[in-house]
Amino acid sequence: MTVRVLFLGPLSDIAPAAEMNVDGPLDWAGLLDLVSPECADQIRSERVKIACAGKVLLDKADLHAKGGDEVAVLPPVSGG
């Protein structure tokens, strides 16, 4: 089964696509391998969050998505 990966906000501009379907399972290293070095640098930022199956991960290295899961790469939040 596949894992759906969504790059939200400005991250979708530097990712290979705003949405990707990749073979599962998918871990942190696998996610970084999917993208360009520039995008990987952005994703590594402490301000960028990763959600898997609807839950935001406290530690991105804990990403372990299985087939059917959705992974969302969330840009830094700004407010005003």
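So for the sequence shown, our numbering puts the first residue at 18; every next one is plus one.
Note that beta-carbon positions come from the ideal geometry of N, C-alpha and C, so glycine has one too.
Going by DSSP in three states, residue i sits in which element: helix, strand or coil?
{"i": "residue 82", "result": "strand"}
{"i": "residue 46", "result": "helix"}
{"i": "residue 25", "result": "coil"}
{"i": "residue 91", "result": "strand"}
What is the rounded straight-line gap between the Cα of residue i and the Cα of residue j?
{"i": "residue 81", "j": "residue 62", "result": "19 Å"}
{"i": "residue 93", "j": "residue 59", "result": "10 Å"}
{"i": "residue 26", "j": "residue 90", "result": "9 Å"}
{"i": "residue 28", "j": "residue 56", "result": "7 Å"}
Since residue i is in the alpha helix (DSSP H), which residue starts that stretch and which ends it?
{"i": "residue 55", "result": "54-61"}
{"i": "residue 30", "result": "28-31"}
So, is residue i buried or exposed, given that buried needs 16 or more other C-beta atoms within 10 angstroms?
{"i": "residue 32", "result": "buried"}
Q.
Quick test of the definition: if touching needs 3 or more C-beta pairs under 8 Å, does the region 36-55 touch the region 70-84?
A. yes
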